[in-house]
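K.L.:
Residue numbers (the working numbering): 857 to 1106.
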């Protein structure tokens, strides 16, 4: 159960539409459910504002299906599955409302949360090769209830492509800058924006790119203020962090 659901329940109690006993029973349900292969954290949404995410890599299609089904039966209506193979997507119970985004290897059981903020998160990539990671970030943010704008293939090798989107950069509430090679995109965007910039190094690049390590170190050493960095290819982590920042109150 997420924080907004709790607020809605309390409002219903206030209006007399739901009894206090019913609300108490829903809150008293076990904070986690042990299903042998996993312990489903039913109170994650209440504590953190977003329900538990299923990390699909290294899980079998059967395991993903069981976990997703249990979560949905337990009342979670927005279930995000990351790093999900097509084989696992094809295995998901056909009775579940399910959408698969192949480019990002992201699955969604249920529906996207309606955006709570009018502003937007901007997701930018250095090149087309970075798009799979960018889509993982963008979809994570969208599924969790954020407006997202995408600006792809605007790397510093042709910086005029990035500068053509200066207005989008300056009006964003949060920016996710995704790049491989030397990872310079994050620093350039950081020098243009007055909002937090989350840098995502990707494993795109030739030999001395070192599978994303070069971009990671470059982003960590950015001279632009306000740039933070997540792990290599971690689009999900960037999308989730951008969601938290975008929905901060006050």
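Where is the CB? At the ideal position from N, CA and C, for every residue including glycine.
These numbers come from a predicted model, not from an experiment.
Runs of 3 residues minimum, wholly inside the segment 988 to 1035: which ones carry the beta strand (DSSP E) assignment?
P.N.:
Taking only runs of at least 3 residues, the beta strand (DSSP E) segments lying wholly in the segment 988 to 1035 are 1003 to 1007, 1030 to 1035.
K.L.:
Please report how far the alpha carbon of residue 1067 lies from the alpha carbon of residue 1059, in whole angstroms.
P.N.:
Between residue 1067 and residue 1059, the C-alpha separation is close to 4 Å.
K.L.:
Under 9 Å between the Cβ atoms of residue 934 and residue 964?
P.N.:
Contact flag set, yes.
K.L.:
Note down the Cα distance separating residue 986 from residue 1035, rounded to an integer number of angstroms.
P.N.:
If I take the Cα positions, the gap works out to 6 Å.
K.L.:
With burial defined as no fewer than 16 other Cβ atoms inside 10 Å of the residue's Cβ, what is the status of residue 1062: buried or exposed?
P.N.:
Residue 1062 comes out exposed.
K.L.:
Answer yes if the segment 1015 to 1027 comes into contact with the segment 984 to 1001, meaning at least three C-beta pairs across the two stretches below 8 Å, and no otherwise.
P.N.:
Short answer: they don't touch.
K.L.:
Could you check if residue 998 is buried or exposed, using at least 16 other CB atoms within 10 Å of its CB as the buried criterion?
P.N.:
Buried is the call here.
K.L.:
In its own chain, which residues sit with a C-beta less than 7 Å from the C-beta of residue 1045, not counting the 5 before and 5 after it?
P.N.:
If we look at residue 1045 and ignore the five residues flanking it on each side, its Cβ neighbours are 980, 1025, 1031, 1033, 1053.
K.L.:
Below 6 Å CB to CB, which residues in the same chain sit around residue 1075 once its five sequence neighbours on both sides are set aside?
P.N.:
So the qualifying residues of the chain are 1039, 1042, 1055, 1057, 1085.
K.L.:
Can you check DSSP and say which residues form a bridge with residue 1084?
P.N.:
Residue 1084 pairs with 1054.
K.L.:
Could you check the C-alpha separation between residue 1100 and residue 973 for me, to the nearest Å?
P.N.:
Looking at the two C-alpha atoms, the distance is approximately 12 Å.
K.L.:
Roughly how many angstroms separate the alpha carbons of residue 1073 and residue 895, rounded to a whole number?
P.N.:
One C-alpha to the other measures close to 36 Å.
K.L.:
Would you check if the distance between the CB atom of residue 923 and the CB atom of residue 893 is smaller than 9 Å?
P.N.:
Cβ distance < 9 Å, so residue 923 and residue 893 count as in contact.
K.L.:
On the criterion of 16 or more Cβ atoms from any shown chain inside 10 Å, does residue 942 qualify as buried, or is it exposed?
P.N.:
Looking at its Cβ environment, which holds fewer than 16 other Cβ atoms inside 10 Å, residue 942 is exposed.
K.L.:
Who are residue 936's beta bridge partners in DSSP?
P.N.:
The partner list for residue 936 (beta bridge, DSSP) reads 964.
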